[in-house]
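Novice: Residue numbers (our numbering), protein chains in the order written: chain E, 7 to 114; chain S, -6 to 185.
If you scroll down you'll find the structure; I have some questions about it.
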Amino acid sequence: MKLTGPLERVLRVFLGDLSARQYGYDLMKATKLPSGTLYPMLARLQAEGLVTSEWEPQPDDASGRPPRKYYQLTGEGARVARLELAQTSLAAPPGAQSTTRPACGSAR
Amino acid sequence: LTRSPLAQRLAEHVIRHAVRHLPDDNREEYYRECAGELFAILHDSDVPSRLRRSTFALFYAAGHIRGTRRLPKAATKPSVPALPGGATRRSPLRPVLASSRAAAAPWRPVAAVIGAMAIVAAGVYGLAHVRDNLVLELRPGSNPPATTQAPHDKSSSMYLLSTPGGLFTPATGQAKVTATPPSSPRPASTAP
C-alpha cells in the first residue's frame, strides 16, 4: 500500500512516543505540515478509530490559555501504523531514500 | 480591559470564516481547538520574533480554509463501514488516502486537459512568432511564412547586425562595407 509522505510523517511522530499526547501545533512543528493538511488527516484518522482525542481540563494558570485538544494513537492505530510503515520500508527499493530528507553532511 | 493582539483577532476571524463549511455539530469544537492552537502559536517561546509568530498564526488560520473544505466528507463518517463478524480490513489506512483523493473536484481533469492544450497552443504560437522574426531579421527580402503577421516596424529596426564584412542594415538588406585597408599585404605562401 502506498503511504503518502504527510501521513507517514504524522504516524512516525505518533509512534515516536506512544504514551505522549500531542496537540495540533506540536504535530505541525514536528511534521512541518501546514494546518490545512494536518487537521483533515487527524480527523480522518480519528474517524477510522486510529487516533483518539480528548480535551484537556481548563488550565488554572492566569495566562488565559484556552484548553487544548490532545491526540493520541489508539492501540489499533499503533498496530496499523507499525504495519504500514514496515510494509512501506520493505516495499522501498534498496538504497531508496526515505521521504524525510537526511541532514546535511550525514551522507557521503 | 484586555484586548487580544491584532494578529490573533484576524486569525480568529479567518478561522471563523473557515469553519462555516463544517456541519453545525463540529463547527464550534473545531473553532475552540483552533483558538487553543492560536494561543500556543502566538506565545511560542521557540520563535523569538513576534512578527514571525503573528505571520505564522495568520498562515495557520488561512490553512484551515483549505482544510475545512476537505474535512466534512471524511471526518463526519467513516468512509468504509466496519465489516461484520469482526473481520479485519486489509488496510485500514486505505480509506484515509482514498478520501483525500476523492475530495478533489470532478471537473479537475477536464480543466487540466484544457489548460494543457492552452499552454501547448500558446507555445506553438510563440515559437511561430520567434521563427517569423528570425526570418525577417536574417532575410529581410523574403516573406515570412504565413503563420503570423509579425510586426516588423522599419523605424524600430534601426539596429544593426554586425556581419563579418561590415554592418548589415535589415531595412535595406544591403551590407555597408566599411572596408579598412589591410595594414600589410598578406605574405604569399612559401610552401613548396
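No residue lacks a Cβ here, since even glycine has one placed at the ideal position from N, Cα and C.
Just so you know, these numbers come straight off a predicted model, no measurement behind them.
(1) With Ser69(E) as the anchor, note down where its beta strand (DSSP E) starts and where it stops.
(2) Helix, strand or coil: how does DSSP classify Glu26(S) here?
(3) Going by Cα to Cα distance, which pick from Gly22(E), Tyr29(E), Thr43(E), Pro12(E) is closest to Glu62(E)?
(4) Pull up the DSSP beta-bridge partners for Lys38(E), would you.
(5) Whose C-alpha, out of Glu82(E), Met47(E), Ala53(E), is nearest the C-alpha of Gly11(E)?
(6) Apart from the five residues just before and just after Leu39(E), which ones in its own chain have a Cβ nearer than 6 angstroms to its Cβ?
(7) In angstroms with no decimal places, state the Cα-to-Cα distance between Val12(S) and Arg43(S).
(8) State the start and end residues of the unbroken alpha helix (DSSP H) segment that holds Ser95(E).
(9) Tell me which same chain residues have a C-beta within less than 8 angstroms of the C-beta of Glu30(S), skipping the five on either side of it?
(10) Got a sec, what are the start and stop residues for the alpha helix (DSSP H) Glu130(S) sits in?
(11) Against chain E, which members of the stretch 21 to 51 of chain S pass a CB distance test of less than 9 angstroms?
(12) Please check if any C-beta of chain E sits within less than 8 angstroms of the C-beta of Tyr53(S).
(13) Give the secondary structure of Ser47(S) by DSSP, where H, G and I count as helix, E and B as strand, and everything else as coil.
(14) Buried or exposed, going by whether 16 or more other CB atoms sit within 10 Å of the CB of Leu(-1)(S)?
(15) Please list the partners that His57(S) has in chain E, where partner means a Cβ-to-Cβ separation under 9 angstroms.
(16) With distances taken from CA atoms, which of Glu90(E), Pro72(E), Gly55(E), Glu14(E) is nearest Glu82(E)?
(17) Since Glu14(E) is in the alpha helix (DSSP H), which residue starts that stretch and which ends it?
(18) Measure the C-alpha to C-alpha separation of Arg74(E) and Leu51(E) and round it to an integer number of angstroms.
(19) Residues of chain E with CB closer than 7 angstroms to the CB of Arg63(S), please, in chain order.
(20) Please compile the residues from chain S whose C-beta is within a distance smaller than 7 angstroms of the C-beta of Pro73(E).
(21) Compute the Euclidean distance between the alpha carbons of Val123(S) and Ala104(S), then round it to the nearest angstrom.
(22) Going along the chain, which residues of its own chain have a beta-carbon closer than 7 angstroms to the beta-carbon of Met34(E), five neighbours each way excluded?
(23) Could you pull out every residue in the same chain whose Cβ sits closer than 7 angstroms to the Cβ of Ile34(S), ignoring the five residues on either side in sequence?
(24) Below 6 angstroms CB to CB, which residues in the same chain sit around Arg71(E) once its five sequence neighbours on both sides are set aside?
(25) Can you tell me the Cα-Cα spacing of Thr80(E) and Cys27(S), whole angstroms?
(26) Taking only beta-carbon positions, decide if Ala98(E) is within less than 8 angstroms of chain S.
(27) To the nearest angstrom, how far is it from the Cα of Ala55(S) to the Cα of Glu22(S)?
(28) For the alpha helix (DSSP H) containing Val7(S), name the first residue and the last one.
(29) I'd like to know if Ala49(E) contacts chain S, where contact means its C-beta is closer than 8 angstroms to some C-beta of that chain.
(30) In the structure shown, what three-state DSSP assignment does Glu187(S) receive?
Specialist: A quick look at the data gives this:
(1) Ser69(E) -> no beta strand (DSSP E), and no H or E assigned at all.
(2) helix
(3) Tyr29(E)
(4) For Lys38(E), which the question treats as bridged, DSSP gives no partner whatsoever.
(5) Met47(E)
(6) Pro12
(7) 26 angstroms
(8) 81 to 97
(9) Tyr53
(10) 101 to 131
(11) Glu22, Tyr23, Arg25, Glu26, Cys27, Ala28, Gly29, Glu30, Leu31, Phe32, Ala33, Ile34, His36, Asp37, Asp39
(12) yes
(13) helix
(14) exposed
(15) Ser41, Gly42, Tyr45
(16) Gly55(E)
(17) 11 to 22
(18) 18 angstroms
(19) Pro46
(20) Gly29
(21) 28 angstroms
(22) Ser41, Leu44
(23) Arg46, Phe49, Ala50, Tyr53
(24) Pro65
(25) 23 angstroms
(26) no
(27) 18 angstroms
(28) -1 to 11
(29) yes
(30) The requested residue 187(S) does not occur in the structure, where chain S is confined to residues -6 to 185.
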